[in-house]
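Peer 1: For the sequence shown, our numbering begins at 27 and goes up steadily by one.
Ideal Cβ placement from N, Cα and C applies to all residues, glycine included.
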Amino acid sequence: MLGLGSFAFATPWVLSALLVLPVLWWLLRVTPPAPRLVRFPAIRLLRDLVAREETPARTPWWLLLLRLIIAALVILALSGPLLNPRAALPGSGPLVLVVDNGWASARDWPSRRRAMEEVVGQAERQSRQVVVLATAPPAAGDKIAASAPLPPVEARRLIQALEPHPWPTNRAAALEAVRTLRPNGTLHSVWLADGIGDRDARTLAEALQRLGSVEVLDDSAARPPHLLLPPAPEGTALVTRVVRADPSRPEPVTVRLGAADGRLLTRETVAFDAGQGSRELRLDVPVELRNEAASLRIEGETTAGATVLLDERWRRRPVGLVSGRPSGENQPLLSDLHYLDRALAPYNEVRRGAIGDLLKRELAVLILSDVGALSGEEAQAIEAWVKKGGLLLRFAGPRLAQNADQLVPVRLRLGDRTLGGALSWSEPAKLQPFGEKSPFYGLKVPDDVLVQRQVLAEPSVDLADRTWARLADGTPLVTSEKRGAGWIVLVHTTASPDWSNLSLSGLFVEMLRRLAGLSEGVAGAATAATLEPLEVLDGYGRLVPPPPTAFPIPGDAFKPEVIGPRHPPGFYGTEEARRALNLTAGLTRIDPLGPLPAGVAVEGYAQRGEVALKPGLLGIAMALTILDLAIALALRGLLGRWARPRRAGAAAAALLLAFALPPLLLYGGKARADDMHSTKVTAETYLAHVRTGDASVDEVARAGLDGLVEVLNRRTAVEAAGTQGVDVEVDELAFYPLLYWPVTPNAQPLSDHARSRINEYLKNGGTILFDTRDQATALGPGSGQGGLALQRIAQGLDIPPLAPVPPDHVLTKAFYLMQDFPGRYAGGDVWVEAREGRANDGVSPVLIGSNDYAAAWAVDGRGQARFAVAPGGERQREMAFRFGVNLVMYALTGNYKADQVHVPAILERLGQ
27 MLGLGSFAFA
37 TPWVLSALLV
47 LPVLWWLLRV
57 TPPAPRLVRF
67 PAIRLLRDLV
77 AREETPARTP
87 WWLLLLRLII
97 AALVILALSG
107 PLLNPRAALP
117 GSGPLVLVVD
127 NGWASARDWP
137 SRRRAMEEVV
147 GQAERQSRQV
157 VVLATAPPAA
167 GDKIAASAPL
177 PPVEARRLIQ
187 ALEPHPWPTN
197 RAAALEAVRT
207 LRPNGTLHSV
217 WLADGIGDRD
227 ARTLAEALQR
237 LGSVEVLDDS
247 AARPPHLLLP
257 PAPEGTALVT
267 RVVRADPSRP
277 EPVTVRLGAA
287 DGRLLTRETV
297 AFDAGQGSRE
307 LRLDVPVELR
317 NEAASLRIEG
327 ETTAGATVLL
337 DERWRRRPVG
347 LVSGRPSGEN
357 QPLLSDLHYL
367 DRALAPYNEV
377 RRGAIGDLLK
387 RELAVLILSD
397 VGALSGEEAQ
407 AIEAWVKKGG
417 LLLRFAGPRL
427 AQNADQLVPV
437 RLRLGDRTLG
447 GALSWSEPAK
457 LQPFGEKSPF
467 YGLKVPDDVL
477 VQRQVLAEPS
487 VDLADRTWAR
497 LADGTPLVTS
507 EKRGAGWIVL
517 VHTTASPDWS
527 NLSLSGLFVE
537 MLRRLAGLSE
547 GVAGAATAAT
557 LEPLEVLDGY
567 GRLVPPPPTA
577 FPIPGDAFKP
587 EVIGPRHPPG
597 FYGTEEARRA
607 LNLTAGLTRI
617 DPLGPLPAGV
627 AVEGYAQRGE
637 VALKPGLLGI
647 AMALTILDLA
657 IALALRGLLG
667 RWARPRRAGA
677 AAAALLLAFA
687 LPPLLLYGGK
697 ARADDMHSTK
707 VTAETYLAHV
717 RTGDASVDEV
727 ARAGLDGLVE
737 VLNRRTAVEA
747 AGTQGVDVEV
757 DELAFYPLLY
767 WPVTPNAQPL
777 SDHARSRINE
787 YLKNGGTILF
797 DTRDQATALG
807 PGSGQGGLAL
817 QRIAQGLDIP
827 PLAPVPPDHV
837 LTKAFYLMQD
847 FPGRYAGGDV
857 WVEAREGRAN
867 DGVSPVLIGS
877 NDYAAAWAVD
887 GRGQARFAVA
897 PGGERQREMA
907 FRFGVNLVMY
917 ALTGNYKADQ
927 VHVPAILERL
937 GQ
């Protein structure tokens, strides 16, 4: 390699071809160009009487120069020119390439591959062999071993076949492989580390250092690895934890909850402060969307450690209902199952049927309402199911009081205690507050919940420990017993209002939700003989079909410890009963790489500044060759009006000018494009959204406004041409009557320039809808992440005092008559100017909502809705579109609907 400062040639002998250029000049000069061919039909006799220049005897000098430049560029390209070439690799033996290809390496695998190819290219220029050692166990289950010394060409093929794996590295096994190396000469080792430290990392570096020089490539400072731990259900929310290896600096991390078909259900951002190694994150999901959740992922990080698969254990749990009453007694409003169904259906999947049929399917909770003595077969089946993790919940009644069996948590007295009976009290009993050991602890007991009748428990030594709820006189109302992995729970009164009004209270709903949360999800799913692999995660955290090397897992061995080449993380079991095997169920902590031995050089991938100039030079040579061809055709008269020799030079000059002045052309093109854009958006009506810098949020905003434009054009006289995304820093805002501004949690304060532009826009009649997308019902302190982000954005803006939309506001009647303004979510308020004046025709310059309107409006290319809306479904989506129509009409027409002339028509519509 020939080096000239920051410039070098990999194959300098090719430069000797430059000596041929003078000979090429001479040959091209003495060889005249091909003669012109002139058609001579009779009709052209008069036109060709003018004297013409003769075909030159020699090629023009500027064309010779162009062709010599082409030849020189080709010669320079073939010589392998390098900009900022790296120094020669130390040592005289093979290059050892140690590659961490475990789960953490996938986040920047393209950069790693480029670095490997660059290092192998250095070895190739020095004619040195390459040894490749991957530190993760191979997918085939073979032992970790270093390759034999390979020629660089074969090593490059091996590198191209390397892929990250979804399991951790095994540096202890890699250390043993290093110790078996018997090199010829001094080695130079390059270790592409994944940024994660363990007890063998330093030992591995020391072993490599004993063989020669060592260089470590690590980009964890720029792109630190993260872990996403499996979430824990907490009511309707999922609470997860994000763990990072390097806690030295602040950073935001966004977690996405997705459905099986790839749809985004929700996303939340957590901000790490310096010194924090882990943060808890709460994902509030509407109950209607909970069953669709299939995965949790850290946004922008494609690793198995940043991916959590969700199975039935994280979804709404199936609950089976069985009543002991004859079918004739189960009339609406009188049936005990009616009250159970109404309380459970919003949060669980409710099933009805016989006991045997229910237990044949996946089930988390089985509720027996006033079921007396069970048959021996039923009792055995239920007890086996409970021991596997199911929860049996029984409600008392006349049948259970007279025919109690063994599947109750405590012994029961024969008969029941009733108001006015032998075991009676003088008035209905209230409930005591729940104790700290009760799963109901923290629930407020309403004063109006009364019990008139119950079954009594026989006194025993452990009765107090088994009691979760008591009446005011201390008698047990809810008792429990742990059996195996499951629970048996008895409520000593009925599930209907026959014996108490508990089932009519909100406390009943909350108690049932907490009891369902005690179950182990789908009981018995993990005890199958074997769980076949259905889909597994590859190294990039993507679900793929299982490879031939993936084996079934015995049911009793289904634990995170089995993850490896034979059992990669993924879904196992059957299509009806999937079980998720997650890497982070067992890997809950990661540490940085840590200090390495003295003398080990450490750098990142981005610092390797060697640039190969060969592709660029060949591209320029190709472009100039095309230019030469065009000039040659022009000289021969084959390009029509450009065929005249006098104009051939002008054509060449024009083409050369086009190549030489691209910035000028680009600038002029941009100016023309800006003019065309301004003409376009002022000629017709466009809706606009503010670009936030978050690609996914901006895409939803665009799709939402596209859907709203379609509805406007179909239902109203508004002729909207489309949507535009705007940057408040540079784009002209005055072209758009309405701006939709989705607020992201990590939004930053505006610059002074942007703030002045927005204030000018609002002052001159513009309207902005800020959407915090968090269902907030208040502004200011305590309004959530969206509200805090909005405060940062709005700092310094001329926003008038705001108030929730009053019932008689123009926004409630601008086109449709409505009082609620839902989006993807419902319940959040819309805020407008508290006192609308005469300015801007009475239109509030700022509106603030929180229901994620764009997601409700969003449609795909076929016009289909992209996101589910909750809790109202398609009716709620229709109301969201109506709000959008009212909003646009309000922004375009002002408060004309507030005029008294419209009152009779509005009253007629209202039926008053």
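1. Could you work out which residue in G599, I222 and A198 is closest to G620 when comparing CA atoms only?
2. Taking 7 Å as the line, does the beta carbon of D778 fall inside it for any heavy atom of the ligand FMN?
3. Just to check my reading of the structure: A483 and L489 have Cβ atoms closer than 8 Å, yes? What is that Cβ distance to the nearest angstrom?
4. Determine the contact status of L336 and L322, defining contact as a CB-CB distance below 8 Å.
5. I need the straight-line Cα distance from P559 to G284, nearest angstrom please.
6. Compute the Euclidean distance between the alpha carbons of T651 and R139, then round it to the nearest angstrom.
7. Determine which residues share a DSSP beta bridge with D797 and list them.
8. Evaluate the contact criterion for the region 900–912 versus the region 833–850: three or more CB pairs, one atom per stretch, below 8 Å.
9. Taking the alpha carbon of P435 as the point to measure from, which residue in Y467, E388, K463 and D491 has its own alpha carbon closest?
10. Relative to the alpha-carbon of D800, which residue among Y879, E462, D299 and R740 has its alpha-carbon at the smallest distance?
11. Does I185 come out as helix, strand or coil in the three-state DSSP assignment?
12. With DSSP as the reference, identify every bridge partner of V319, one or two as the case may be.
13. Count the other CB atoms, across all protein chains shown, that sit within 10 Å of the CB of P175; report buried if there are 16 or more and exposed otherwise.
14. Taking L759 as the reference, give the member of T793, V504 and K413 with the closest Cα.
15. Measure the C-alpha to C-alpha separation of A248 and F907 and round it to an integer number of angstroms.
16. Buried or exposed: R861, going by 16 or more other Cβ atoms within 10 Å of its Cβ?
17. Can you check which of these residues, R888, G899 and L873, is closest to A917 by C-alpha distance?
18. As a quick exercise: from G854, I579 and R783, pick the residue whose alpha carbon is nearest that of A820.
19. Cutting at 8 Å between CB atoms, please list the residues of its own chain near R205, excluding the five before and the five after it.
20. Can V122 and V145 be called in contact, C-beta distance under 8 Å?
21. Distance check for L469 and V311, CA to CA, integer angstroms please.
22. Can you tell me whether H715 is buried or exposed? The criterion is at least 16 other CB atoms within 10 Å of its CB, across all chains shown.
23. Name the two residues that bound the continuous alpha helix (DSSP H) containing I101.
24. Considering Cα atoms alone, identify which of L264, L307 and S274 is closest to A5.
25. How many Å lie between I646 and L639 at the Cα?
26. Roughly how many angstroms lie between the CA atoms of K169 and R316, to the nearest whole one?
27. Quick check: H214 and I324, are their CB atoms within less than 8 Å of each other?
28. What is the DSSP secondary structure of V46, counted as helix, strand or coil?
29. Could you tell me the boundaries of the beta strand (DSSP E) in which Q750 lies?
30. Quick one: using the 10 Å Cβ neighbour count with 16 as the cut-off for buried, is P573 buried or exposed?
31. Using the rule of at least 16 other Cβ atoms within 10 Å of the residue's Cβ for burial, across every protein chain shown, is W88 buried or exposed?
32. Thinking just about the alpha-carbon of each residue, which of P256, L433, D617 and N877 is nearest to the one in D797?
33. Could you check what DSSP says for D909 in three-state terms: helix, strand or coil?
34. If I measure Cβ to Cβ from D720 and keep anything under 7 Å in the same chain, skipping five residues before and after, which residues do I get?
35. In the DSSP assignment, find the beta strand (DSSP E) that holds R604 and state where it starts and stops.
36. DSSP beta-bridge partners for L176?
Peer 2: Quick answer:
1. I222
2. No copy of the ligand FMN occurs in the structure displayed, which carries no ligand at all.
3. 6 Å
4. yes
5. 21 Å
6. 34 Å
7. P768 and G875
8. yes
9. D491
10. Y879
11. helix
12. The residue you asked about is not Val; residue 319 is Ala in the sequence shown. Beta-bridge pairing links A319 to A285.
13. buried
14. T793
15. 43 Å
16. exposed
17. L873
18. R783
19. A233
20. no
21. 22 Å
22. buried
23. W87 to L104
24. The shown model of the chain, from 27 to 938, leaves out residue 5, and the question about it has no answer.
25. 11 Å
26. 42 Å
27. no
28. helix
29. A746 to V752
30. exposed
31. exposed
32. N877
33. Checking the displayed sequence, the identity of residue 909 turns out to be Phe instead of Asp. Here F909 sits in helix by DSSP.
34. T770
35. R604 to L607
36. V156
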